[in-house]
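Peer 1: Protein chains in written order, with my numbering: chain A, 1 to 147; chain B, 1001 to 1285.
The structure's right below; bear with me while I get my questions together.
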C-alpha cells in the first residue's frame, strides 16, 4: 500500500513529504551548508564549482543557479532549506515567497498589505482563483503574457 | 509541586525579529504588530514565571535532513541563537532548566510519548521571536526556557490530537516535579501563511479567528481537525498551528479544572507573509 496523499489537489502547493525529501536530499543538504559564513563566501566566489561538490542532479544545479524556487521545490527542495540561498543573496522571506508568484516585489507586498491572497477559488485544483495553474504568472507579468 | 500557571500563543515570523533587531519597530507597518504585544509585555512582567516551556519548530536550522525528530526536548544548560544564514540574531543566549527538562522527559516518555532528548541545539527564530515579542529587548531573558521542538517541516507531522494529548502529559509531568515552580507553556507558529508556490501569500483571517475561538472554547474538538484542512484553508505553513494544541492541552480545564481566563487576544494581517495571532490564557487559581 502506498502512502495516502490527500494534499495533491491543492493548487500552487507542494507538500514536503518523504518522496519529495528523498528526491531533494542533496539539494536541501547543499542549502544547509550555507548556514556557515565560510561556505556562503565560497559559494559566492564560484557558484558552479561549489554546487559541483554536491551529489545534486544537473537540473537541480541549474534551478539553483537560476534562483528558480518553484523549480527547486518541484525537484524536492523545501522552502526552509531554500531560504538559506535567499539569505546568502541578502533576500528576505517575503522577496523569496513573492518570486514564486510571478509578481514583482512591490505587487506582492501590496497584496499582503491588503490582507493577503484570498483562499476563495484556491482550495482545489480546477477552481478559478489567482493561484490556479491557468492564471500564472500573476501580476503585471501575467497581464502582458502573450502580448 | 510545580504548576502550569498560564499559556501563551503567538506567531513567530522571522521578519518580526529582523524588524526589532534593525530598529524598525516604530515604523507604521511594524508598529501595528508590536502594539498588539504591549499589554503582553506588562502582563509577563507582572506574572513572571520561573520557567517557560516553549513549543516551537526548528526551520531547517538545528535539524537538517540528517535527523528529523518528531518531538525533541532541550535538556541543555544553555542554547545559542542560531545563524540562519543572515547571521545570529543579537539576542541573549537562552538559559535552559536541565533538571526540570530531564524530569519532564522522563515523565512524558513513561507516559508513552517517545521524545528525542537534545543536549546540543541552536535555537532559531521559532523560539527567539516569541521571546522578543513578549519581553522586548532585555539584556537577559527573564527566566530559564525549555525548548521543545516539533517537526512540522517534513511530512508526516504529528496530528492535532497527538499534540493535544502530549500537552496533557506535559501537564502531568510538571505537576509531579518536586519544586514549587511556576511554569508557563507557550505554543508558537502560524497563523495562516504559505511561503511557497503560486499560492504564496495566502491569508485566511476568518479561518484564523475561528481557530482562536475554538482553541479557547473547544480545543478537544479542534484537535481532531485533519492536516489537510490546515493546508487547504490556512496555507501549507499554517500547519504550524498544531503546536498551539500542545500548550492548550496543558491547561487545567483539560484535566477537569476550571476554564482558563482569556487575558489577551490579538490578530493582525500582515507581518511579512503571515497572519499574526496571539492569545494569553491564564489558569484560574
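Glycine included, C-beta positions come from ideal geometry on N, C-alpha and C.
Within 10 angstroms of the Cβ of residue 48(A), are there 16 or more other Cβ atoms? Answer buried if so, exposed if not.
Peer 2: With fewer than 16 Cβ atoms within 10 Å of its Cβ, residue 48(A) is classed as exposed.
Peer 1: What residues from chain A crowd round residue 1244(B), counting only those whose CB sits closer than 9 angstroms?
Peer 2: Result: empty, since nearest Cβ-Cβ is about 19 angstroms, beyond 9 angstroms.
Peer 1: Find the residues of chain A that neighbour residue 1270(B), judging by a C-beta separation of less than 8 angstroms, and give them in chain order.
Peer 2: Those within 8 angstroms of residue 1270(B) in chain A are 112, 113, 115 and 116.
Peer 1: Could you give the first and the last residue of the continuous alpha helix (DSSP H) run that contains residue 134(A)?
Peer 2: Per DSSP, residue 134(A) belongs to no alpha helix (DSSP H) and is neither H nor E.
Peer 1: For residue 1083(B), which residues in chain A fall below 7 angstroms Cβ to Cβ?
Peer 2: Chain A residues near residue 1083(B): 35.
Peer 1: Going by Cα to Cα distance, which pick from 1136(B), 1102(B) and 1173(B) is closest to residue 1016(B)?
Peer 2: It is 1136(B) whose Cα lies nearest to the Cα of residue 1016(B).
Peer 1: Could you say if the stretch 1002-1015 of chain B and the stretch 1127-1141 of chain B meet the contact criterion of at least three C-beta pairs nearer than 8 angstroms?
Peer 2: They touch, by the three-pair rule.
Peer 1: Give the straight-line distance between the Cα atoms of residue 1256(B) and residue 1163(B), rounded to the nearest whole angstrom.
Peer 2: Each residue's alpha carbon lies about 18 angstroms from the other.
Peer 1: Indicate whether residue 116(A) and residue 105(A) have their beta-carbon atoms separated by less than 8 angstroms.
Peer 2: Contact flag unset, no.
Peer 1: With 8 angstroms as the limit, tell me which residues of the stretch 1143-1174 of chain B have their beta carbon closer than that to any beta carbon of chain A; keep them in chain order.
Peer 2: Here the close residues are 1153, 1154, 1155 and 1156.
Peer 1: Can you find at least 3 beta carbon pairs, one from the stretch 19-37 of chain A and one from the stretch 67-84 of chain A, that sit closer than 8 angstroms?
Peer 2: With the cut-off at 8 angstroms, the stretch 19-37 of chain A and the stretch 67-84 of chain A touch.
Peer 1: Measuring only the C-alpha atoms, how far is residue 1185(B) from residue 1146(B)?
Peer 2: Taking the straight line from one Cα to the other gives about 9 angstroms.
Peer 1: From the DSSP output, read off the bridge partner residues of residue 1006(B).
Peer 2: Partner(s): 1184(B) and 1282(B).
Peer 1: Figure out for me which residue from 50(A), 113(A), 142(A) and 6(A) has the closest Cα to the Cα of residue 31(A).
Peer 2: The option with the nearest alpha carbon to residue 31(A) is 50(A).
Peer 1: Give the interface partners of residue 17(A) over in chain B, defined as CB-CB distance under 8 angstroms, in chain order.
Peer 2: Within 8 angstroms Cβ-Cβ: 1154, 1155 and 1156.
Peer 1: Would you list, in sequence order, the uninterrupted alpha helix (DSSP H) runs of no fewer than 4 residues that lie entirely inside the stretch 1094-1129 of chain B?
Peer 2: Within the stretch 1094-1129 of chain B, the complete alpha helix (DSSP H) runs of at least 4 residues are 1098-1110.
Peer 1: Write down the C-beta distance between residue 1079(B) and residue 1121(B) rounded to the nearest angstrom, noting that I regard them as a contact closer than 8 angstroms.
Peer 2: At roughly 6 angstroms, the Cβ-Cβ gap stays under 8 angstroms, so residue 1079(B) and residue 1121(B) are in contact.
Peer 1: Entirely within the stretch 19-44 of chain A and at least 4 residues each: give me those alpha helix (DSSP H) ranges in chain order.
Peer 2: You should have 25-33.
Peer 1: Contact between the stretch 30-46 of chain A and the stretch 83-91 of chain A: three or more CB pairs below 8 angstroms?
Peer 2: With the cut-off at 8 angstroms, the stretch 30-46 of chain A and the stretch 83-91 of chain A touch.
Peer 1: Residues of chain B with a CB under 9 angstroms from the CB of residue 64(A): which are they?
Peer 2: In chain order: nothing, as chain B lies at least about 14 angstroms away.
Peer 1: Return the residue from the list 1277(B), 1161(B) and 1105(B) that minimises the CA-CA distance to residue 1222(B).
Peer 2: That would be 1161(B), whose Cα lies nearest to the Cα of residue 1222(B).
Peer 1: Hey, out of 17(A), 130(A) and 61(A), whose CA is closest to residue 118(A)'s CA?
Peer 2: Comparing Cα positions, the closest option is 130(A).
Peer 1: How many Å lie between residue 1291(B) and residue 123(A) at the Cα?
Peer 2: Here chain B covers residues 1001 to 1285 and nothing more, so residue 1291(B) does not appear.
Peer 1: With residue 1264(B) as the anchor, note down where its beta strand (DSSP E) starts and where it stops.
Peer 2: Start and end: 1261-1271.
Peer 1: Note the first and the last residue of the continuous beta strand (DSSP E) segment covering residue 990(B).
Peer 2: A question about residue 990(B) goes unanswered here, because the residues of chain B that appear run from 1001 up to 1285.
Peer 1: If the cut-off is 9 angstroms on Cβ atoms, which residues from the stretch 78-99 of chain A count as contacting chain B, listed in chain order?
Peer 2: So the close ones are 78, 79, 80, 81, 82, 83, 84, 85, 86, 87, 88, 90, 92, 93, 94, 96, 97, 98 and 99.
Peer 1: Residue 1054(B): buried (16+ other C-beta within 10 angstroms of its C-beta) or exposed?
Peer 2: Buried: at least 16 other Cβ atoms inside 10 Å.
Peer 1: Leaving out the 5 sequence neighbours to the left and right, which residues in its chain are closer than 7 angstroms to residue 1288(B) when beta-carbon positions are compared?
Peer 2: Residue 1288(B) lies beyond the stretch modelled for chain B, which goes from 1001 to 1285, so this question has no answer here.
Peer 1: For residue 1228(B) and chain A, any beta-carbon pair shorter than 8 angstroms?
Peer 2: Output row for residue 1228(B): interface = yes.
Peer 1: What is the DSSP secondary structure of residue 90(A), counted as helix, strand or coil?
Peer 2: The answer is coil: DSSP assigns residue 90(A) none of H, G, I, E or B.
Peer 1: Would you report the Cα separation of residue 1074(B) and residue 1229(B), rounded to the nearest angstrom?
Peer 2: Taking the straight line joining both Cα atoms gives about 30 angstroms.
Peer 1: Strictly below 7 angstroms CB to CB, what residues from chain A border residue 1065(B)?
Peer 2: Within chain A, the residues near residue 1065(B) are 21, 25, 28 and 29.
Peer 1: Which partner residues of residue 1056(B) appear in the DSSP bridge assignment?
Peer 2: 1149(B), per the DSSP bridge assignment.
Peer 1: Quick check: the Cα distance between residue 1116(B) and residue 1069(B), rounded to an integer number of angstroms?
Peer 2: Between residue 1116(B) and residue 1069(B), the C-alpha separation is close to 6 angstroms.
Peer 1: So, for residue 1246(B): in the same chain, excluding its five sequence neighbours on each side, which residues have a beta-carbon less than 8 angstroms away from its beta-carbon?
Peer 2: Hits under 8 angstroms: 1055, 1148, 1150, 1163, 1164, 1166, 1167, 1170, 1185 and 1187.
Peer 1: Quick check on this structure: which residue in 1087(B), 1199(B), 1058(B) and 1046(B) has the alpha carbon closest to the alpha carbon of residue 38(A)?
Peer 2: Here the closest residue by C-alpha is 1087(B).
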